[in-house]
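Right, one structure below, let's go through it.
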Amino acid sequence: ETNSTVASSGKDEVKMPAVYNFGASFQPVDRFFISFNYEYAPYSKATFNFASRDTTFRNWVNQNTLAFGVEYKMFDFLSLMTGYRAVPEIFIPDGAAIKDKGPISNSYNFGFSVSTYLGRVDFAYEYRRMKYYDSYYSNANYNFESNSTFMVGYTYTF
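So for the sequence shown, our numbering puts the first residue at 154; every next one is plus one.
This is the structure we're talking about:
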């Protein structure tokens with residue numbers, strides 16, 4: 154085993170471009186809402202200035218995120234919600250055939266919301282999964298990530 158240490162000092166800088174987001178929701182029938190969201194992040198236009206030379210760094214790629222969700226208001230105080238989101242990563246794995254789009258994380262969500270006279274409490278669960286080919290990651294050549302997240306939110310209304 155060989156260890157090496159290199160002293161480095163300085164300031165890394167990054168300039169990020171603006172991110173654009175568009176969303177719409179509508180209510181086709183009483184107690185039922187549908188929402189769509191699209192986000193475009195032109196990360197390929199980001200500029201990086203590192204304090205020291207980094208031979209492993211590769212420029213980021215653009216990110217196009219698509220999401221949709223459904224809410225059903227069972228009662229005046231209780232809503233059920235579900236949704237899907239596709240989020241591409243900003244990196245290109247080694248050996249990838251597509252060089253302008255990162256691997257996609259698929260996110261599945263569901264939850265419920267309780268309204269009270271003091272506000273709204275949201276409970277949600279998200280399962281996110283990503284699998285992609287990476288020729289140098291391991292002898293299996295696939296990288297797999299999965300995340301489970303439980304979220305609680307509160308909105309105060311007056």
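Where is the CB? At the ideal position from N, CA and C, for every residue including glycine.
Does the distance from the C-beta atom of residue i to that of residue j stay below 8 Å?
i, j, result
"Val167", "Tyr196", "no"
"Asp287", "Asp247", "yes"
"Phe276", "Leu233", "no"
"Arg282", "Ser299", "yes"
"Gly236", "Ala220", "yes"
"Tyr191", "Phe175", "yes"
"Thr142", "Glu279", "Residue 142 lies beyond the stretch modelled for the chain, which goes from 154 to 311, so this question has no answer here."
"Phe297", "Lys284", "yes"
"Gln216", "Ile243", "yes"
Classify residue i: buried if its beta carbon has 16 or more other beta carbons within 10 angstroms, exposed otherwise.
i, result
"Met227", "exposed"
"Ile251", "exposed"
"Gly272", "exposed"
"Val159", "exposed"
"Ser157", "exposed"
"Glu154", "exposed"
"Ala194", "buried"
"Ser260", "buried"
Please go through the same chain and pick out, in chain order, the residues whose beta-carbon is closer than 6 Å to the beta-carbon of residue i, but skip the five residues on each side of it.
i, result
"Lys164", "Ala204"
"Met304", "Ala277"
"Lys198", "Pro170"
"Tyr173", "Tyr193"
"Phe189", "Ala177, Phe221"
"Ser161", "Ser205"
Going by beta carbon distance, what residues of the same chain come within less than 7 Å of residue i, once the five residues before and after it are set aside?
i, result
"Lys254", "Val214, Pro241"
Who are the Cβ neighbours of residue i in its own chain at under 8 Å, not counting the five residues just before and after it?
i, result
"Thr310", "Leu271, Gly272, Arg273"
"Asp229", "Ser268"
"Ala239", "Thr218, Leu219, Ala220, Ile257, Ser258, Asn259, Ser260"
"Asn202", "Asp165, Glu166, Val167"
Inset, instruction - Count the C-beta pairs between the stretch 178–192 and the stretch 204–211 that are closer than 8 Å, then say yes if the count reaches three, no if not. - result: no
Legend entry - beta strand (DSSP E) runs contained entirely in the stretch 213–274, provided each spans 3 or more residues: 216–228, 231–241, 257–269
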